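Numbering of the sequence shown is given in this note's numbering, commencing with residue 796 and proceeding in unit increments.
Idealized CB from N, CA, C, for every residue including glycine.
Since the model is a prediction, treat every value here as computed from it, not as a measurement.
First up is the structure itself, then whatever we jot down about it.
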Amino acid sequence: MRQLQGKLILIMMGWLVCALCPPLAGAGEDKAAKRRKTVLFEKEIQMLEAASGGTEKAPPAIQAHMCFQVSVGYAQVDRSRAVSELKRCFHETLRIKNETDADLRAGLQFKILETLLREDEKSAVELSRNADPGVRTGIGSRILTKLTGEGRLDEAVALVKGFSGAADFPYPAAASLMLSLPADRDQERLEIFTAALTSYRVEDPNVMPGLEDLGTLIVRFWNHLPPPLVLKAIDEVLDRTRKSVHDLPGISLTVGTGLGEAHFRTAYQFRLFELIPVLQALASSRAAA
């Protein structure tokens, strides 16, 4: 126990020294100052290397956590090594098999991938494929938002289609991407919507309506999609919420607008309110029924 505590103290000391180290030499500094800083950084790197190797016999959760702390230090002095450490840290999280540590594993994975995304986008994308489902979606949403904001729409479309069948689909990022696509790219909107519908079929049926979900995709983009597919999606949404009425007693949903508030006792009532305008546009006889 004392040996482990000693190792942890050594690791944290190494991280603190690196976290407090000065910024990299600027272009205007003289050669002597740069040499002094280079020597200082080399010493700090040696401390980090010692710290990085000090947890080999610790449980995977401790190794992953300390590895991440060390990578934060490396980011101050050697970015390429920081990226290498972050990759190693992520692989350490995959060794956390105890399900009682699932939240810890997910939290570490998210922090590691979020940090890696800033330094090496390609590696973050590749590693996220092996992350826990919720982490994969969270990081995927960050990447999708980044790609969409940078106008890299082809890459964003390819990425979001990879979430087809995932139980936790990145609806907000997908909606933003669909809005950003030019008017002549309805085929890609169709592919994204189809991926979302496929995921909807495997997600938890008791999930409550969200600010962005399959229902809002229907409302936003129905006039860019084939009517039979839209009606099929509406049927699936209404069928699910109709079946869940008795499973979720006492639900109360409130929607506020500039015209006032609407209150719904069940998710089914809310979905009808949400989707009835689309039904009226595509199948007025069904909407009246």
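Alpha-carbon spacing of residue i relative to residue j, whole angstroms
| i | j | result |
| --- | --- | --- |
| residue 929 | residue 945 | 24 Å |
| residue 932 | residue 957 | 11 Å |
| residue 967 | residue 876 | 34 Å |
| residue 896 | residue 884 | 16 Å |
| residue 870 | residue 1025 | 48 Å |
| residue 1027 | residue 1036 | 15 Å |
| residue 873 | residue 879 | 10 Å |
| residue 925 | residue 934 | 12 Å |
| residue 1068 | residue 1078 | 15 Å |
| residue 910 | residue 1021 | 40 Å |
| residue 991 | residue 964 | 7 Å |
| residue 863 | residue 955 | 28 Å |
| residue 906 | residue 913 | 11 Å |
Reduced DSSP secondary structure (H/G/I, E/B, other) of residue i
| i | result |
| --- | --- |
| residue 1059 | strand |
| residue 964 | coil |
| residue 1076 | helix |
| residue 890 | coil |
| residue 874 | helix |
| residue 1022 | helix |
| residue 817 | Note on residue 817: pLDDT 45, under 50, position unreliable in the model; the coordinate value appears next. Residue 817 falls in the coil class under three-state DSSP. |
| residue 1069 | helix |
| residue 859 | helix |
| residue 924 | coil |
| residue 919 | helix |
| residue 1008 | coil |
| residue 853 | coil |
6 Å CB neighbourhood of residue i in its chain, flanking five on each side removed
| i | result |
| --- | --- |
| residue 995 | 1009 |
| residue 1019 | 981 and 984 |
| residue 888 | 859, 900, 903 and 904 |
| residue 890 | 855 |
Nearest-angstrom Cβ-Cβ length linking residue i and residue j, presumed shorter than 8 Å
| i | j | result |
| --- | --- | --- |
| residue 919 | residue 908 | 5 Å |
| residue 959 | residue 993 | 5 Å |
| residue 1065 | residue 1004 | 6 Å |
| residue 943 | residue 951 | 5 Å |
| residue 975 | residue 948 | 7 Å |
| residue 962 | residue 997 | 5 Å |
Chain-order list of residues whose beta-carbon lies under 7 Å from that of residue i (same chain, five-residue window excluded)
| i | result |
| --- | --- |
| residue 973 | 984, 987 and 1016 |
| residue 860 | 903 |
Own chain residues within Cβ distance below 8 Å of residue i, not counting five before or after
| i | result |
| --- | --- |
| residue 1070 | 1010, 1013, 1014, 1029, 1032 and 1033 |
| residue 927 | 897, 900, 901 and 904 |
| residue 916 | 938 and 941 |
| residue 882 | 911, 918 and 922 |
is_contact[residue i, chain B] using C-beta, thresh 8 Å
| i | result |
| --- | --- |
| residue 924 | This model lacks chain B altogether; it includes just one protein chain. |
Complete runs of the alpha helix (DSSP H) confined to the region 926–1006 [at least 4 residues]: Qualifying alpha helix (DSSP H) stretches, in chain order: 928–944, 948–956, 966–975 and 981–995.
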